[in-house]
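Peer 1: Protein chains in written order, with our numbering: chain A, 6 to 328; chain B, 121 to 289. By construction, the Cβ of each residue, glycine as well, lies at the ideal position given by its N, Cα and C atoms. Every value quoted in this text rests on a predicted model; they were computed, and no experiment measured them. I'd like to ask you about the structure that follows.
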Amino acid sequence: MDHHERQRLWEKYYSGNTSALEEKELKTLLKETADADRLPEQELFYLMNQNRALTPGPNFEESLMAKIHLREPKARIFSDYRIIRKWAAVFVMSCAIVYAAIQIPGTQKISLTTQRFTQEFQLPDGSKVWLNKNSTLTYNEDFLEKRAVQFSGEGFFSIIHHPSHPFSIETEGAVTKVLGTSFSLRSYDKEDSIELIVVQGKVAFQPNEAKEIVISTNRKVVYRVSDHKSSESLASDLNAIAWKTHLLNFVHSPVSKVLNDLQRYNGVTISVQNENILNCHFSGSFENKTVEEILATLTFSLDLEYHKTDEAYLLSGNGCAPK
Amino acid sequence: MGSGDFRALVIEHKNKLFRLACWMLHDESEAEDIVQEVFLKIWEKQTDYAKYRSIEAYLIEMTKNKCLNRIKSQTKLVAENVLKHMQSPEPPADLHFERNDELKRIKNVIARLPENQRVVLQLKGVEGLEIREISKLLNETENNIRVILSRARQAVRDMYLKEYGYGPS
Numbered sequence: 006m007d008h009h010e011r012q013r014l015w016e017k018y019y020s021g022n023t024s025a026l027e028e029k030e031l032k033t034l035l036k037e038t039a040d041a042d043r044l045p046e047q048e049l050f051y052l053m054n055q056n057r058a059l060t061p062g063p064n065f066e067e068s069l070m071a072k073i074h075l076r077e078p079k080a081r082i083f084s085d086y087r088i089i090r091k092w093a094a095v096f097v098m099s100c101a102i103v104y105a106a107i108q109i110p111g112t113q114k115i116s117l118t119t120q121r122f123t124q125e126f127q128l129p130d131g132s133k134v135w136l137n138k139n140s141t142l143t144y145n146e147d148f149l150e151k152r153a154v155q156f157s158g159e160g161f162f163s164i165i166h167h168p169s170h171p172f173s174i175e176t177e178g179a180v181t182k183v184l185g186t187s188f189s190l191r192s193y194d195k196e197d198s199i200e201l202i203v204v205q206g207k208v209a210f211q212p213n214e215a216k217e218i219v220i221s222t223n224r225k226v227v228y229r230v231s232d233h234k235s236s237e238s239l240a241s242d243l244n245a246i247a248w249k250t251h252l253l254n255f256v257h258s259p260v261s262k263v264l265n266d267l268q269r270y271n272g273v274t275i276s277v278q279n280e281n282i283l284n285c286h287f288s289g290s291f292e293n294k295t296v297e298e299i300l301a302t303l304t305f306s307l308d309l310e311y312h313k314t315d316e317a318y319l320l321s322g323n324g325c326a327p328k
Numbered sequence: 121m122g123s124g125d126f127r128a129l130v131i132e133h134k135n136k137l138f139r140l141a142c143w144m145l146h147d148e149s150e151a152e153d154i155v156q157e158v159f160l161k162i163w164e165k166q167t168d169y170a171k172y173r174s175i176e177a178y179l180i181e182m183t184k185n186k187c188l189n190r191i192k193s194q195t196k197l198v199a200e201n202v203l204k205h206m207q208s209p210e211p212p213a214d215l216h217f218e219r220n221d222e223l224k225r226i227k228n229v230i231a232r233l234p235e236n237q238r239v240v241l242q243l244k245g246v247e248g249l250e251i252r253e254i255s256k257l258l259n260e261t262e263n264n265i266r267v268i269l270s271r272a273r274q275a276v277r278d279m280y281l282k283e284y285g286y287g288p289s
């Protein structure tokens, strides 16, 4: 680029009309040529670069949650003696959580429902459940006498141990019984399979049409409702519950797996322009990162590019030769 | 809003709000404080965010305002600093060896830009947003944003050269 062209680019910059690409060009230009007259720009660009790399400390969320906890408002109680009453708390981004209390003669049912976001709930016995998007958990008013819930969707359960009160979860096609443990259960009505991952403890999984299976720590079972087949295996990979833990871990994983886990994590669609991309391998750990941040790292390390189109991402680039 | 939604919101926006607050305050621990206050306010629904075009616009506006309030309470300190710098401009130093000292100057310059110029400069230069996106976030016309950006860039250069004495020969 000659002096004249440089001058013209700077003029464009100063009129506020440069594109992101042209500003990148200017950045390279500042790095390569030591132009004494460009000292203010050099410093400004350096400061911007520095700012771009900043992130809040690792305890940011923890201390925010602690502050919130100190100011937590009292729990609200929902009840109604008519048929159905619904609250639709529509938050700006149309995230809605609907609490419904249904009156049935004798017992009242309480439903916890999520739609577009995940949410944590505490049950009356102190057990905790994290519901992934589009999930519903229902229990009776007399829950403390009989710890039984009906469930559809995906949830992570941390159940308080109580020997004389086993906890049971009824889903379409199976019942899962537990004493005290943490596990993840996925059973969306539109999906044929039920998946149970036990993080800690022991869980009895009872399909309606097959014999009971006991799953212990670090093991999982996938059960197909249509043909009553179940397969049990080691749950070495906890990426499946990243929606709850916000942790994703890849160790020399094929890109096909990485994309699969990412899609499951956030419900986005990711496709590749070139099948060779799926031959590449990738390693990395992510905590509390957005899909876009992870894709940025992935594409950077594999020399690919990603583009966003509506709700989907498209990866392009040369990829890797098949082995 | 449930804690899950809130958490998703925090995760999605914390980094860029933190960068903006750092850009305004040049102090990471204060910036973290500000961003937490912003999220706390959202959680407690103290303000009516429905009138904003998007939650992001609301978060940015609130971060900006909280930073400005913080700055106002420290104005005296900053003014003293600037004065000191004006009285004894440091000799030109090799940029590569004295980055940190040099950056103090550019920080001082940016600190004296009008608030909107400061914010637009960051959103465009650091976050890489398009004029159109910034115009939506700040609720200004695209043309206005372009004018603000142009003035901000020009002002940085002019002030810097005037203050530190290496005007174009």
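Nearest-angstrom Cα distance between A/Arg57 and A/Ser241?
Peer 2: If you take the alpha carbons of A/Arg57 and A/Ser241, they lie about 36 Å apart.
Peer 1: Since A/Val219 sits in a beta bridge, which residues does DSSP pair it with?
Peer 2: Per DSSP, A/Ala209.
Peer 1: Candidates A/Lys195, A/Arg43, A/Lys207, A/Gly178: which alpha carbon is nearest A/Ser189's?
Peer 2: Looking at the Cα atoms, A/Lys207 is the closest of the given residues.
Peer 1: What residue from A/Leu136, A/Lys17, A/Pro168 has the CA that sits closest to A/Gln127's CA?
Peer 2: Nearest of A/Leu136, A/Lys17, A/Pro168 to A/Gln127, Cα basis: A/Leu136.
Peer 1: Grouping DSSP H, G and I as helix and E and B as strand, with all else coil, what is A/Ser241?
Peer 2: If DSSP states are grouped into helix, strand and coil, A/Ser241 belongs with coil.
Peer 1: If we ignore side chains and look at the alpha-carbon of each, how far apart do A/Ala317 and A/Leu253 end up?
Peer 2: So the alpha carbons of these two residues sit roughly 20 Å apart.
Peer 1: Would you verify that the beta carbon of A/Ala247 is, or is not, closer than 8 Å to some beta carbon of chain B?
Peer 2: So, not an interface residue.
Peer 1: Starting from A/Pro171, trace the alpha helix (DSSP H) in both directions and tell me its first and last residue.
Peer 2: Per DSSP, A/Pro171 belongs to no alpha helix (DSSP H) and is neither H nor E.
Peer 1: Report, in whole angstroms, the separation of the C-beta atoms of A/Ile73 and B/Leu160, which I expect to be a contact under 8 Å.
Peer 2: About 7 Å; that satisfies the 8 Å criterion.
Peer 1: Whole angstroms are fine: how far does the CA of B/Ile226 sit from the CA of A/Glu48?
Peer 2: Going by the C-alpha atoms only, they are around 6 Å apart.
Peer 1: Distance, Cα to Cα, A/Arg269 vs A/Phe162?
Peer 2: Rounded to the nearest angstrom, the two C-alpha atoms are 18 Å apart.
Peer 1: With a Cβ-Cβ cutoff of 8 Å, do A/Ser157 and A/Asp197 count as a contact?
Peer 2: Result no, Cβ atoms of A/Ser157 and A/Asp197 do not sit closer than 8 Å.
Peer 1: If we define contact as Cβ-Cβ less than 8 Å, is A/Tyr228 a contact residue for chain B?
Peer 2: No, because no Cβ of chain B sits closer than 8 Å to the Cβ of A/Tyr228.
Peer 1: Residues in its own chain within less than 8 Å of A/Leu243 by CB, not counting five upstream and five downstream?
Peer 2: Result list for A/Leu243: Ile202, Val204, Thr250, Leu252, Asn254, in chain order.
Peer 1: Residues in the same chain with beta-carbon distance under 8 Å from A/Asn281, minus the five sequence neighbours each way, listed in chain order, please.
Peer 2: Excluding residues within five positions, the ones whose Cβ falls inside 8 Å are Asn323, Gly324, Cys325, Ala326, Pro327.
Peer 1: Near A/Glu200, which residues of its chain fall below 6 Å by C-beta distance, leaving aside the five closest residues on each side in sequence?
Peer 2: Here the set comprises Arg191, Val227.
Peer 1: Starting from the beta carbon of A/Gly62, find every residue of chain B whose beta carbon is closer than 7 Å, and list them in chain order.
Peer 2: What A/Gly62 touches in chain B: Glu152.
Peer 1: Residues in the segment 251-273 of chain B with C-beta within 9 Å of chain A's C-beta atoms, listed in sequence order?
Peer 2: Listed in sequence order: Ile251, Ile265, Arg266, Val267, Ile268, Leu269, Ser270, Arg271, Ala272, Arg273.
Peer 1: Between the Cα of A/Val219 and those of A/Arg229, A/Ser231, A/Asp232, A/Ser236, spot the shortest distance and give me the residue it belongs to.
Peer 2: Considering only alpha carbons, the answer is A/Ser236.
Peer 1: Ends of the beta strand (DSSP E) at A/Thr119?
Peer 2: Taken as a continuous stretch (DSSP letters only), the beta strand (DSSP E) holding A/Thr119 covers 113-119.
Peer 1: Relative to chain B, which residues along the segment 176-193 of chain A have a C-beta separation below 7 Å, given in chain order?
Peer 2: Taking 7 Å as the Cβ-Cβ cut-off against chain B, none of the residues of the segment 176-193 of chain A qualify.
Peer 1: Please state the DSSP three-state secondary structure of B/Lys186.
Peer 2: If DSSP states are grouped into helix, strand and coil, B/Lys186 belongs with the helices.
Peer 1: For A/His312, count neighbouring Cβ atoms within 10 angstroms of its own Cβ and tell me buried if that reaches 16, exposed if not.
Peer 2: Per the 10 Å Cβ criterion, exposed.
Peer 1: Going along chain A in order, which residues have a C-beta closer than 8 Å to the C-beta of B/Arg225?
Peer 2: Ordered by position in chain A, the residues that pass the 8 Å Cβ test against B/Arg225 are Glu48.
Peer 1: Taking just the CA atoms, how far does A/His9 sit from A/Thr295?
Peer 2: Taking the straight line from one Cα to the other gives about 42 Å.
Peer 1: Which residue's Cα is closest to the Cα of B/Glu262: A/Thr186, A/Ile275, A/Leu14, A/Asn22?
Peer 2: Among A/Thr186, A/Ile275, A/Leu14, A/Asn22, the Cα nearest to that of B/Glu262 is on A/Asn22.
Peer 1: By the three-class DSSP mapping on this structure, what secondary structure does A/Pro45 have?
Peer 2: It is helical.
Peer 1: Using the beta-carbon of each residue, which ones in chain A are nearer than 8 Å to B/Lys134?
Peer 2: Result: Pro61, Phe65, Glu66.
Peer 1: Taking a Cβ distance cut-off of 9 Å, strictly less, list which residues of the segment 296-326 of chain A are near chain B, in chain order.
Peer 2: Of all residues in the segment 296-326 of chain A, Glu298 have a Cβ within less than 9 Å of some Cβ in chain B.
Peer 1: Starting from the Cα of B/Lys165, find the closest Cα among B/Asp153, B/Glu152, B/Asp278, B/Leu179 and give me that residue.
Peer 2: Taking only the C-alpha atoms, the option nearest B/Lys165 is B/Leu179.
Peer 1: Check whether the segment 116-132 of chain A touches the segment 145-159 of chain A, taking contact to mean three or more Cβ pairs, one atom from each stretch, closer than 8 Å.
Peer 2: Contact holds: three or more Cβ-Cβ distances are below 8 Å.
Peer 1: Use the C-beta contact count for A/Phe122: other C-beta atoms within 10 angstroms, 16 or more gives buried, fewer gives exposed.
Peer 2: Buried.
Peer 1: Select from A/Glu46, A/His286, A/Lys36, A/Thr38 the residue whose C-alpha is nearest the C-alpha of A/Glu16.
Peer 2: Among A/Glu46, A/His286, A/Lys36, A/Thr38, the Cα nearest to that of A/Glu16 belongs to A/Glu46.
Peer 1: Using only alpha-carbon positions, find the residue among B/Lys192, B/Asn189, B/Asp153 that is nearest to A/Leu69.
Peer 2: When only C-alpha atoms are compared, the closest one is B/Asp153.
Peer 1: DSSP on A/Leu320, reduced to helix/strand/coil?
Peer 2: A/Leu320 falls in the strand class under three-state DSSP.
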